[in-house]
Amino acid sequence: MGTKLPAIEEDALDVLVNYEWPGNVRELQNVMQRLLLTGTERVHAAQAKSALGLLRTDWNLQNSQQEAFWSHRNMSPWREVEQRIQREYFQFVRENTQSDAEAARLLGLAPPNFHRMCKRLGLK
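Residue numbers 861 to 984, in my numbering, belong to the letters of the sequence shown in order.
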């Protein structure tokens, strides 16, 4: 009961207002819960981006991976590239949802199809 709610700074509010919110109200509730759990007195833009899954702390690694991906030496058959992209996206969605059922819903897949895809992609 005696928990003090953090103040949301203007920059964080801008991030939240300008986010496209592809999910439903539950997504907003989940993000707000993550922000409340930070335990800070004030919520800043970086915390809002992190709660939304927009903040990457490994930019250098990501940039080097992109350079390697687009290198002529690393051209691969389409099926291989497609599977790599699917694996990364499925993993991203799973990490940013609370359950596989929610991940399946966001991806527009029936849960059995989602689980089958995860297994095929080596995520289960």
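All residues carry an ideal CB built from backbone N, CA and C; glycine is no exception.
For the candidate residues the options, whose alpha-carbon lies nearest to that of residue i?
| i | options | result |
| --- | --- | --- |
| Gly913 | Arg939, Val953, Gln893 and Leu967 | Val953 |
| Glu955 | Lys864, Tyr879, Arg939 and Cys978 | Cys978 |
| Asn890 | Ala911, Ala963 and Ser936 | Ala911 |
| Leu876 | Met892, Pro866 and Gln958 | Met892 |
| Gly982 | Ala908, Gln951, Leu865 and Leu897 | Gln951 |
| Lys909 | Leu969, Ile868, Met935 and Arg886 | Ile868 |
| Glu942 | Thr898, Arg980 and Glu880 | Arg980 |
| Ser959 | Ile945, Phe974 and Gln946 | Phe974 |
Can you pull the DSSP bridge partners for residue i?
| i | result |
| --- | --- |
| Arg813 | A query on residue 813 cannot be resolved here, the shown segment of the chain reaching from 861 to 984 and no further. |
| Val941 | Answer is none; Val941 lacks a bridge partner. |
| Ala986 | No answer is possible for residue 986: the residues shown for the chain start at 861 and end at 984. |
Can you give me the start and stop residues for the alpha helix (DSSP H) that residue i sits inside?
| i | result |
| --- | --- |
| Leu873 | Glu870 to Asn878 |
| Gln958 | Segment: none, Gln958 is in no alpha helix (DSSP H) and carries neither H nor E. |
| His975 | Pro971 to Arg980 |
| Leu896 | Val885 to Leu896 |
Measuring CB to CB, does residue i end up less than 7 Å from residue j?
| i | j | result |
| --- | --- | --- |
| Ala961 | Pro971 | yes |
| Pro866 | Arg902 | yes |
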